[in-house]
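These protein sequence lines map, in sequence, to chains G and Z.
If you read the first sequence in UniProt numbering, its first letter stands for residue 1, the second for the next number, and so on.
If you read the second sequence in UniProt numbering, its first letter stands for residue 1, the second for the next number, and so on.
Beta carbons are placed, not taken as given, at the ideal position from N, Cα and C, and that holds for glycine.
Notes follow the structure.
Protein chains: 2
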Amino acid sequence: MSSTLTPLSEIADVLRSAQRIAIAAHVRPDGDALGSVMGLALSLRAMGKEVYALLEDGVPTNLAFLPEVATVLTPPYADFEIDVAVALDTATHERVGEHTKAALARAPFLIDIDHHPTNPGYGQMNHVDGTEPAVGQIVYNLLQAGGFPITDAVMQHLFTAISTDTGSFQYSSTNARTHQIAAEMLTAGLDTARLAQLLYQTHPARRLLLLRAMLNEMDIRAEGRIASWQFTRALMDEVQVQPGDTEGLIDTLRMIDTVVTAVIFEEMPDGKIRVSARSKDQRLDVSAVCGQFGGGGHRMASGARMKGPIQVAAETFLTALEHEVRRLA
Amino acid sequence: MSSTLTPLSEIADVLRSAQRIAIAAHVRPDGDALGSVMGLALSLRAMGKEVYALLEDGVPTNLAFLPEVATVLTPPYADFEIDVAVALDTATHERVGEHTKAALARAPFLIDIDHHPTNPGYGQMNHVDGTEPAVGQIVYNLLQAGGFPITDAVMQHLFTAISTDTGSFQYSSTNARTHQIAAEMLTAGLDTARLAQLLYQTHPARRLLLLRAMLNEMDIRAEGRIASWQFTRALMDEVQVQPGDTEGLIDTLRMIDTVVTAVIFEEMPDGKIRVSARSKDQRLDVSAVCGQFGGGGHRMASGARMKGPIQVAAETFLTALEHEVRRLA
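Laid out in structure tokens, this is it:
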């Protein structure tokens with residue numbers, strides 16, 4: 001393994017000399033995953049390269065409006081050959097998904113570009129920068145470093161990546177460069193307002209039904225400091241949930257002024273319970289609590305998988321969390 | 001009246017030579033009104049000037065966290081004397097409020113700075129620029145043009161003004177300069193994430209109770225194209241609503257992808273029903289429907305006052321609205 005902060009110009013050199021490139025991101029892709037993959041893919045295609053965009057779980061319906069997402073490949077993958085593989089926004093190699101990992105392994109050279117600080121650097125070349133708010137921001141810098149084409153479609157994807165991973169420029173990871181990039185994109189003619197409307201101001205009615213269920217069913221404890229919700233398969237079936245419908249729901253729980261930590265428990269098809277935890281207080285490290293259950297992540301945003309049933313998992317996790325919350329004083 | 005686009009450097013010259021300055025904005029102040037007034041006031045105070053910040057309706061509770069807002073004056077005003085008056089973000093002179101207008105009239109010179117295109121330019125010096133997304137952005141440019149101090153407290157107010165009036169950089173009025181200013185503020189050390197958290201991610205539990213009630217009670221008709229809600233005094237009393245709690249609720253109704261128009265009916269203390277209507281379709285002019293009931297406004301955002309009871313007003317208005325919606329085909 002080389003350094004985990006290979007200069008972007010060196011990565012650009014490798015991409016420039018390759019002709020067949022596969023680009024992937026993590027399972028259950030979000031805006032940063034899809035946007036980074038397609039932003040890089042469309043720029044490289046504009047240079048005449050053969051580019052395979054691989055997402056184990058495909059394109060979330062809420063992002064299906066983005067340009068050329070119909071070219072994203074999902075398993076089973078055809079027998080294409082590649083010179084270089086790129087994994088974006090994926091903290092561990094396994095997180096690209098089983099089939100996608102196998103497809104990336106067809107290349108003798110893997111580039112790992114990420115902003116998760118826990119990423120060990122599993123590529124032959126790695127650029128892991130935990131200070132970056134979004135991988136989309138790294139990809140934009142990479143395209144500029146290489147002098148690669150930044151078309152309107154590329155900008156749509158990279159703006160989506162940056163905007164969604166910063167909560168529309170609200171999270172603490174947002175830096176001056178984030179706004180500089182947005183300014184450059186506006187100057188280049190990107191219609192950021194249209195993207196914002198499609199990303200944040202347009203939801204299927206399902207989404208409001210989920211929000212309503214959450215507000216009706218949410219559990220508030222520890223003197224209002226913990227807000228949580230159990231998202232059951234029964235509700236998923238009733239509402240006919242699609243990937244992407246739940247994005248940002250946890251932010252609504254977090255909004256309550258007394259809340260210092262918000263948790264959503266989600267029943268997975270395999271019966272496992274997916275835990276998503278957020279902290280609003282620097283002193284409360286939710287990754288430590290998730291770590292008690294084999295999970296991890298960032299201090300302020302973490303996750304874990306627990307055994308069901310969901311009620312038992314929730315009580316177990318919330319008890320551990322409440323213990324930590326009570327230590328805050 | 002002079003030109004409506006006096007260069008900011010000339011306005012800065014007038015302010016530099018004045019010693020006693022009153023600054024005001026419109027009644028029912030929002031983030032841009034308060035932030036612009038206090039941003040300019042704190043900069044001028046840092047230059048040693050005697051500055052009176054006047055808001056007819058005072059500081060909204062959701063913005064009370066901002067620095068030095070306790071220095072905002074409300075009527076009845078004391079007998080202070082002023083050399084220059086400034087009206088910010090106020091489309092007509094009357095909109096500063098009756099007492100505030102009288103106080104501003106103590107100065108022989110009024111400066112009118114605004115971004116409402118309908119502002120006629122009612123000052124001795126006017127800078128009305130309808131292309132600016134927020135008056136906070138104009139004030140920031142003014143401070144730079146004059147070389148006036150831009151302290152952290154000044155930035156907190158101007159960032160609040162800019163961020164709230166662009167919906168956190170989402171509205172179509174957002175331009176490259178908006179993001180450049182945010183980048184400059186971050187470079188200067190402003191904690192924009194803290195402000196975003198206080199502005200958007202912190203709500204009293206009351207706010208979620210209102211949202212829950214709305215989602216439980218909302219009326220969807222005309223094949224999902226009309227979403228509406230009756231906000232009753234009974235609920236207001238139950239939740240103990242404060243000014244600012246309801247801001248943006250209508251945006252949640254608007255979010256449903258099938259919806260072309262969203263309406264909130266609100267029972268006022270005098271028994272009248274306040275109607276707020278939004279359109280998402282350029283072809284649907286909600287101001288025309290509001291006009292049928294003595295109201296008006298913009299094509300996409302309008303209002304009216306109707307006689308109660310609320311259920312009758314709602315049915316009457318929705319019937320008229322549905323008639324227009326069905327004409328869209």
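Residue nearest to alanine 188 of chain Z in terms of C-alpha spacing, selected from Z:Met214, Z:Leu5, Z:Ala22, Z:Phe159: What you label residue 188 of chain Z is simply residue 188 of the second sequence in a count that begins at 1. The candidate whose alpha carbon is nearest that of alanine 188 of chain Z is Z:Phe159.
Proximal chain Z residues relative to arginine 212 of chain G, where beta-carbon distance stays under 8 Å: Taking the first sequence and counting its residues from 1, the one referred to as residue 212 of chain G is at position 212. The contacting residues are Arg212, Leu215, Asn216.
Neighbour flag for aspartate 21 of chain Z against chain G, beta carbons, 7 Å: Counting from one through the second sequence, the residue named residue 21 of chain Z turns up at place 21. Looking at the sequence provided, one finds isoleucine at residue 21 of chain Z rather than aspartate. Answer no: the Cβ-Cβ gap between isoleucine 21 of chain Z and chain G never drops below 7 Å.
For histidine 203 of chain G, three-class secondary structure by DSSP: Locating residue 203 of chain G in the first sequence gives position 203, counting from the first residue. Strand, per DSSP.
Near-chain Z residues of the segment 166–179 of chain G - C-beta to any C-beta below 7 Å: Ser168, Phe169, Gln170, Tyr171, Ser172, Thr174, Asn175, Ala176, His179
Beta-bridge partners of threonine 131 of chain G, as assigned by DSSP: Looking up residue 131 of chain G in the first sequence gives position 131. The partner list for threonine 131 of chain G (beta bridge, DSSP) is empty, contrary to what the question assumes.
Within chain Z, the residues that methionine 255 of chain G reaches when beta carbons sit closer than 9 Å: Residue mapping note: residue 255 of chain G aligns to position 255 of the first sequence, counting from 1. Chain Z residues near methionine 255 of chain G: Tyr200, Gln201, Thr202, His203, Arg207, Leu208.
Positions along the UniProt domain "DHHA1" (240–324) of chain G whose CB lies within less than 8 Å of some CB in chain Z: Asp251, Thr252, Arg254, Met255, Ile256, Asp257, Thr258, Lys280
Serine 173 of chain Z - DSSP class collapsed to helix/strand/coil: Residue mapping note: residue 173 of chain Z aligns to position 173 of the second sequence, counting from 1. Here serine 173 of chain Z sits in coil by DSSP.
Straight-line Cα distance separating alanine 329 of chain G from glutamate 238 of chain G: Indexing the first sequence from 1 puts residue 238 of chain G at position 238. Indexing the first sequence from 1 puts residue 329 of chain G at position 329. When rounded, the distance between both Cα atoms is 41 Å.
Min CB distance threonine 61 of chain G to chain Z below 7 Å: Against the first sequence, residue 61 of chain G aligns to sequence position 61. False, the Cβ-Cβ gap to chain Z never drops below 7 Å.
Buried or exposed (CB count within 10 angstroms, at least 16 for buried), asparagine 216 of chain Z: As a working note, residue 216 of chain Z is residue 216 in the second sequence. Exposed, because fewer than 16 other Cβ atoms sit within 10 Å of the Cβ of asparagine 216 of chain Z.
Sufficient close CB pairs (3 or more, under 8 Å) joining the segment 312–323 of chain G to the segment 259–279 of chain G: yes
Beta bridge counterpart(s) of methionine 306 of chain G as assigned by DSSP: Along the first sequence, read from residue 1 onward, the residue named residue 306 of chain G stands at position 306. Beta-bridge pairing links methionine 306 of chain G to G:Ile273.
Stretch pair the segment 56–75 of chain G + the segment 90–97 of chain G: three plus CB contacts closer than 8 Å: yes
Within-7 Å CB hit, threonine 187 of chain G to chain Z: Residue 187 of chain G sits at position 187 when you count from the first residue of the first sequence. At least one chain Z Cβ lies under 7 Å of threonine 187 of chain G.
Spatial distance of aspartate 79 of chain Z from valine 325 of chain G (CA atoms): Numbered from 1 along the second sequence, position 79 holds the residue referred to as residue 79 of chain Z. Numbered from 1 along the first sequence, position 325 holds the residue referred to as residue 325 of chain G. Rounded to whole angstroms, aspartate 79 of chain Z to valine 325 of chain G spans 52 Å at the Cα level.
Cβ shell of arginine 206 of chain G (< 8 Å), same chain only, five flanking positions each side left out: Indexing the first sequence from 1 puts residue 206 of chain G at position 206. Val239, Gln240, Val241, Gln242, Asp245, listed in sequence order.
Through-space distance from alanine 227 of chain G to glutamine 197 of chain G, alpha-carbon basis: Mapped onto the first sequence, residue 197 of chain G falls at position 197. Mapped onto the first sequence, residue 227 of chain G falls at position 227. When rounded, the distance between both Cα atoms is 28 Å.
Chain-order list of residues whose beta-carbon lies under 8 Å from that of aspartate 191 of chain G (same chain, five-residue window excluded): Start at 1 with the first residue of the first sequence, and residue 191 of chain G comes out as number 191. Correct list: empty, nothing qualifies.
Beta-ladder partner(s) of alanine 25 of chain G, from DSSP: Locating residue 25 of chain G in the first sequence gives position 25, where the first residue counts as 1. Alanine 25 of chain G pairs with G:Leu88.
Beta-ladder partner(s) of glycine 296 of chain Z, from DSSP: For the purposes of this step, residue 296 of chain Z is taken as residue 296 along the second sequence, with counting starting at 1. Answer by DSSP bridge pairing, in chain order: Z:Gly303.
Methionine 1 of chain Z, DSSP secondary structure in three states: Residue 1 of chain Z sits at position 1 when you count from the first residue of the second sequence. Low confidence applies here, because methionine 1 of chain Z scores a pLDDT of 40, under 50, leaving its location unreliable; read the following figure in that light. Looking at methionine 1 of chain Z - three-state DSSP - the assignment turns out to be coil, as it is neither helix nor strand.
Residue environment, threonine 61 of chain G, which counts as buried when at least 16 other CB atoms sit within 10 Å: As a first step, residue 61 of chain G is located in the first sequence; it is residue number 61 there, counting from the start. Label assigned to threonine 61 of chain G: exposed.
Sufficient close CB pairs (3 or more, under 8 Å) joining the segment 116–131 of chain Z to the segment 39–46 of chain Z: no
Beta carbon proximity, alanine 53 of chain Z to chain G, threshold 7 Å: If you number the second sequence from 1, residue 53 of chain Z lands on position 53. No, no contact with chain G.
Reduced DSSP secondary structure (H/G/I, E/B, other) of leucine 190 of chain G: One-based indexing of the first sequence puts residue 190 of chain G at position 190. Coil.
Where arginine 192 of chain G meets chain Z, residues with beta-carbon distance less than 7 Å: By one-based count along the first sequence, residue 192 of chain G stands at place 192. Checking the sequence, you will find threonine at residue 192 of chain G rather than arginine. Residues of chain Z passing the Cβ test: Thr174.
Proximity of tyrosine 52 of chain G and histidine 93 of chain G at Cβ, strictly below 7 Å: For the purposes of this step, residue 52 of chain G is taken as residue 52 along the first sequence, with counting starting at 1. For the purposes of this step, residue 93 of chain G is taken as residue 93 along the first sequence, with counting starting at 1. No, the Cβ-Cβ distance between tyrosine 52 of chain G and histidine 93 of chain G is not below 7 Å.
The alpha helix (DSSP H) enclosing serine 228 of chain Z, as first and last residue numbers: By one-based count along the second sequence, residue 228 of chain Z stands at place 228. Counting along the chain, serine 228 of chain Z falls outside any alpha helix (DSSP H), though it belongs to the beta strand (DSSP E) covering 226–231.
Sufficient close CB pairs (3 or more, under 8 Å) joining the segment 100–112 of chain G to the segment 149–158 of chain G: no
Residue range of the unbroken beta strand (DSSP E) whose run includes isoleucine 111 of chain Z: Against the second sequence, residue 111 of chain Z aligns to sequence position 111. Its beta strand (DSSP E) spans residues 110–114.
Contact under 7 Å by Cβ, phenylalanine 169 of chain Z with phenylalanine 169 of chain G: Within the second sequence, the letter at position 169 stands for residue 169 of chain Z. Within the first sequence, the letter at position 169 stands for residue 169 of chain G. Going by C-beta atoms, phenylalanine 169 of chain Z is nearer than 7 Å to phenylalanine 169 of chain G.
Test: alanine 183 of chain Z CB closer than 7 Å to a CB of chain G: As a first step, residue 183 of chain Z must be located in the second sequence, where it is residue number 183. Taking Cβ atoms only, chain G reaches closer than 7 Å to alanine 183 of chain Z, which makes this a yes.
Reduced DSSP category for arginine 327 of chain G - H, G, I as helix; E, B as strand; rest coil: Working through the first sequence from its first residue, we reach residue 327 of chain G at position 327. Coil at arginine 327 of chain G, not helix or strand.
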